[in-house]
Amino acid sequence: MTSTLDPATTRTPLMGQGINRLDAIAKVTGEARYSGEYPLDGMIYGWVVQAPIAKGRIRDISPASTLSMPGVLAVLDYRNAPRLSDAGDSELLLLQGDRVYYRGEAVAVVLAQSLEQARAGADALDVSYLAESHDVLLRADHPDMYTPELVNPNFPSASNVGDVDAALAAAEVVIDRVYATPAEHNNPMEPHATTAHWNGDTLLVFDSNQGASSVQMSLCRLFDLPRSAVQVKSEYVGGGFGAKGSARPPVVLASMAARLLGRPVRVTLTRQQMFAMVGYRTPTIQQVRLGSDWSGRLQALDHLAYSQTSKILEFAEQTAVVSRMMYATPNLRTAHRLLPLDVPTPRWMRAPGEAPGSFALESAMDELAQACNVDPIELRIRNEPDLEPDSGRPFSSRNLVACLREGARRFGWDDRDPRPAIRQDGRWRIGSGMASSTYPARNAPSTCQVQARSDGTFEVRITASDIGTGARTALTQIAADALRVELDRVELRIGDSDFGPAMIAGGSMGTASWSWAVVKACRDLLGQLDMHSGAVPAGGLLARADTKDDVAAQADVTRHAFGAQFLEVAVDIRTGEVRVPRMIGVFAAGHIVNARTARSQLIGGMIMGLGMALLEESLMDLRFGDYLNHDLAGYHVASNADVRSIEVSWIDEQDDQTNPSGIKGIGEIGIVGTAAAIANAVWHATGRRQRTLPIRPDRVIS
Amino acid sequence: MTSSSLSSSFTVTVNGEPQLLDLDNRTTLLDALREHLDLTGAKKGCDHGQCGACTVLLDGRRVNSCLVLAVATQGHSITTIEGLGTAERLHPIQQAFIDHDGLQCGYCTPGQICSAVGALDEADRGWPSAATADVGAEKITLDDSEIRERMSGNLCRCGAYVNILAAINAVSP
Ligand code: FES
Ligand code: FES
């Protein structure tokens with residue numbers, strides 16, 4: 002009886018259906034309102050003033066001339082800002098003192114009747130500083146480099162199995178290379194925006210974030226308020242990619258300003274301000290050493306990653322963690338070293354760890370394939386582990402090999418001549434390359450409420466967030482299946498912290514975690530309905546679920562999604578231009594809930610991977626101590642003309658150990674492996690290895 | 057039109073309706089729409105003409121509304137995403153974006169759709185692009201590379217380009 006209810010063992014009717022995004026009409030008509038688009042009565046505009054020094058003190062702020070300008074009501078700075086309590090993120094302790102920790106840090110907010118007046122007031126604000134010399138460049142030999150205890154989110158920083166040094170010394174083939182990836186900025190299309198409103202001692206904010214309950218929690222701690230006094234709404238969010246994964250400065254600044262004025266305040270960041278204030282991907286320097294026999298069987302894998310953090314908050318990216326679970330080897334060592342600098346704190350950016358880490362690992366594997374004269378797919382199959390190499394734990398499911406085989410078939414890999422630099426088509430050198438993809442498939446506790454209404458419809462309330470993923474649609478499908486009703490009988494409400502604590506849209510854990518709470522609440526409600534012989538009593542019926550205990554009780558296995566990417570490049574070795582005419586991605590990620598939105602999300606990840614490979618790079622200006630190319634003209638993301646054919650498909654994967662719906666997250670895996678596949682293809686086209694991202698024209702030519 | 061050193065009052069037609077506005081001279085068309093007319097469909101992604109999220113049609117031609125001063129639109133006609141179609145009566149390009157899932161977060165989407173309307177019209181008039189092989193040709197054939205090129209002023213960080221191309225292909229003649 003329960004087996005018919007369990008999508009993990011029997012696919013339910015809507016599972017996998019590519020139904021249209023439920024919010025598509027609101028989005029194509031412009032009706033969908035994002036956080037900076039709620040007009041509140043008497044609302045005031047805030048414009049953030051940023052520090053022009055990377056380190057030092059504010060000597061003086063003279064607001065008089067700004068305050069005399071038309072429309073300006075107040076200047077919020079460290080002298081009049083409400084006091085904040087620590088919320089576990091020191092970057093949120095804004096305007097609490099005269100110290101400046103990074104260039105671009107908020108030092109004041111000018112509050113005015115109109116956007117134009119606020120901006121002019123901010124431009125005119127007279128702030129003087131006592132600058133100190135700053136230190137902003139990541140280098141592996143920096144004396145302040147240290148070993149963090151944990152890396153994001155909570156992995157031990159180092160791991161060691163066997164004797165890597167001895168195995169490398171004895172190996173028949175050794176690859177020992179250094180790879181580098183630059184700082185990158187998430188740049189969701191919607192800049193961070195918050196509209197904040199105090200009603201006495203309760204705070205309502207419309208905020209652009211990936212998780213309203215996480216932001217609610219931060220605001221409660223910062224302002225010493227109970228949960229019941231803070232409501233965070235974020236119904237539509239214009240992308241995040243990690244940059245909105247937790248409370249970021251605008252929500253704090255808007256809330257403080259609204260408190261000061263006693264009126265609603267909106268703070269929207271400019272695109273330029275986003276390059277300093279909302280996080281970025283750390284640059285990395287990575288040494289990968291592989292030792293194998295002549296057939297390519299790994300004897301040793303050593304992955305050491307250097308990255309940066311700020312001096313006020315430790316963020317240690319888990320760059321080398323991917324090497325702990327990818328390939329079988331008796332000797333396996335990973336380590337992370339971290340350098341605190343006078344920079345804003347790096348944060349999550351789509352597949353933190355896996356994206357840069359896999360660039361190094363999957364590039365090194367390609368170099369090993371070349372050295373051993375083994376096909377890169379065969380090399381990976383030869384090193385396919387039965388158990389997680391680092392921990393010895395079983396995988397809940399692992400279909401990397403199936404992805405490799407299916408991708409090779411779709412791409413036509415068997416016809417490939419492995420020799421580099423021998424194909425020419427007009428001005429283009431042609432090459433092909435591949436890489437494996439992976440991303441953890443974790444779950445986090447969430448709560449959900451489902452109400453049966455007397456008209457036979459159901460309302461599902463969960464503090465989920467749809468940042469473009471399709472979660473709104475996927476969760477509605479899951480709820481309808483769990484309730485055994487048609488889709489149109491279910492109304493799903495998300496993006497409101499009043500619905501209770503829930504996981505953020507991050508770590509590829511959103512839909513997986515939320516689906517569990519939705520299914521649990523729906524099953525409870527069906528049980529209640531049974532007791533009422535299927536009839537909804539006049540007042541309706543309500544079920545609540547919390548998956549805290551269920552998640553804690555999960556078996557100790559390791560859970561990952563896998564994939565393989567194959568692609569073709571065309572390289573003009575005179576101009577250094579690289580084009581990617583064809584990309585193929587095959588993934589194994591449990592049940593796919595919605596074939597349409599899943600395909601879009603995976604393609605989107607691969608496109609961001611293409612940008613990572615060829616375009617994206619935040620350049621540190623050593624003199625000013627800040628990222629130089631801080632707008633969309635200087636920081637290039639892939640545009641329509643950069644993208645040609647992309648095909649995405651998936652292996653039908655049954656995994657009974659992820660969550661009741663048998664799903665694994667897919668938000669991040671698309672970007673993992675793309676950059677290595679492109680670099681490997683560029684080698685195949687030109688005969689030159691590209692070990693530094695992005696693969697700029699000057700690097701191709703030199 | 058009356059004006060002081062700081063503000064002007066003027067009339068502009070927005071989605072077919074004449075609007076009398078009295079605005080700070082520094083106000084962009086984008087901010088006039090979003091902050092003064094509550095037409096928030098046009099999005100602000102950069103405010104610098106670098107992303108296309110704010111694209112609207114000015115006398116039928118696509119413009120980045122963040123680069124147009126509102127006072128300069130006096131006497132002109134603006135069409136925003138709200139004027140292009142509604143939930144009950146979608147414009148064919150809006151429908152095509154839904155059918156081909158040419159959107160994810162939706163933030164670039166109104167700009168993409170307005171831009172596509174403009175691009176199709178430009179091609180119809182025979183205006184060449186950087187992807188046009190013969191710039192003297194009378195007729196433009198909107199093949200994939202033409203559409204990609206003409207739509208490259210509209211960034212989509214979610215990476216919906218493959219589906220945006222398919223959507224525009226579905227409506228282009
Ligand atoms: S907001 Fe106008 S082009 Fe970006
Ligand atoms: S749909 Fe999100 S930026 Fe295009």
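Chains as they are written, first to last, in the working numbering: chain A, 2 to 703; chain B, 57 to 229. Beta carbons: idealized from backbone N, C-alpha and C, even for Gly.
- Not flagged as an interface residue toward chain A: V119/B, since no C-beta distance is shorter than 8 Å.
- For C122/B, no CB of chain A lies under 8 Å from its own CB, so it is not counted at the interface with that chain.
- Among the bridge pairs identified by DSSP, P251/A is matched with none.
- By the rule that beta-carbons nearer than 8 Å mark a contact, V127/B does not touch chain A.
- Taken in chain order, the whole beta strand (DSSP E) runs of length 3 or more contained in the stretch 162–205 of chain A are 174–182 and 194–200.
- As the crow flies, the alpha-carbon of Q371/A is around 46 Å from that of A248/A.
- Secondary structure of T448/A (DSSP, three-state): strand.
- Each residue's CA atom was taken as its position, placing L223/A and E315/A some 19 Å apart.
- I423/A is classed as exposed because its beta carbon has fewer than 16 other beta carbons within 10 Å across all chains shown.
- Shortest gap from the CB of L159/B to any heavy atom of ligand 2: under 7 Å.
- Judged by DSSP secondary structure, R583/A falls within the beta strand (DSSP E) whose first and last residues are V579 to A589.
- Of all residues in the stretch 615–637 of chain A, only D632, L633 and A634 place a beta-carbon less than 8 Å from a beta-carbon of chain B.
- When the five nearest sequence neighbours on each side are left out, the beta carbons in the same chain lying within less than 7 Å of the beta carbon of A365/A are those of I176, R178, V289 and L291, in order along the chain.
- Listed in chain order, the positions of the stretch 189–202 of chain A with a beta carbon within less than 8 Å of a beta carbon of chain B are P189, M190, E191 and P192.
- The alpha carbon of F588/A has as its nearest neighbour, out of S36/A, D657/A, A125/A and I672/A, the alpha carbon of I672/A.
- Contact with chain B is absent for N210/A, since none of that chain's Cβ atoms lies less than 8 Å from the residue's Cβ.
- The Cβ of Q602/A sits closer than 8 Å to at least one Cβ of chain B.
- Shown here, K521/A sits in a helix according to DSSP, grouped into three states.
- In the DSSP assignment, Q566/A falls within the unbroken beta strand (DSSP E) covering H561 to V572.
- Residues of the stretch 59–79 of chain B that bring their beta carbon within less than 8 Å of a beta carbon in chain A comprise L62, in sequence order.
- When Cβ pairs closer than 8 Å are counted between the two stretches, the stretch 233–253 of chain A is seen to touch the stretch 87–102 of chain A, the count reaching three or more.
- For A216/B, the shortest separation between its Cβ and any heavy atom of ligand 2 lies below 7 Å.
- In the displayed model, G511/A falls within a helix according to three-state DSSP.
- Straight across, the Cα-Cα distance linking G209/B with N641/A is about 8 Å.
- Note on A465/A: 16 or more other CB atoms within 10 angstroms of its CB, so buried under the neighbour-count rule.
- In the DSSP assignment, F153/B falls outside any beta strand (DSSP E) and lies within the alpha helix (DSSP H) extending over P148 to D155.
- Around the Cβ of S86/A, a 10 Å sphere holds fewer than 16 other Cβ atoms; the residue is exposed.
- For I154/B, the nearest CB of chain A lies under 8 Å from its own CB, placing it at the interface with that chain.
- Counting the other Cβ atoms within 10 Å of the Cβ of P377/A gives 16 or more, which makes it buried.
- Measuring C-alpha to C-alpha distances from A680/A to each of P695/A, I670/A and G668/A identifies P695/A as the nearest.
- At a C-beta separation below 8 Å, C107/B has these neighbours in chain A: M190, R272 and L633.
- By a beta-carbon distance limit of 8 Å, A179/B does not contact V227/B. Their separation comes to about 12 Å.
- For a Cβ distance threshold of 7 Å, nothing in chain B lies close to A442/A: the least Cβ distance comes to about 21 Å.
- Taking 8 Å as the CB threshold, C164/B lines the interface with chain A.
- Our two residues, L526/A and A483/A, have alpha carbons roughly 10 Å apart in a direct line.
- Among the residues of the stretch 169–182 of chain B, those with a Cβ less than 8 Å away from any Cβ of chain A are I169, in the order of the chain.
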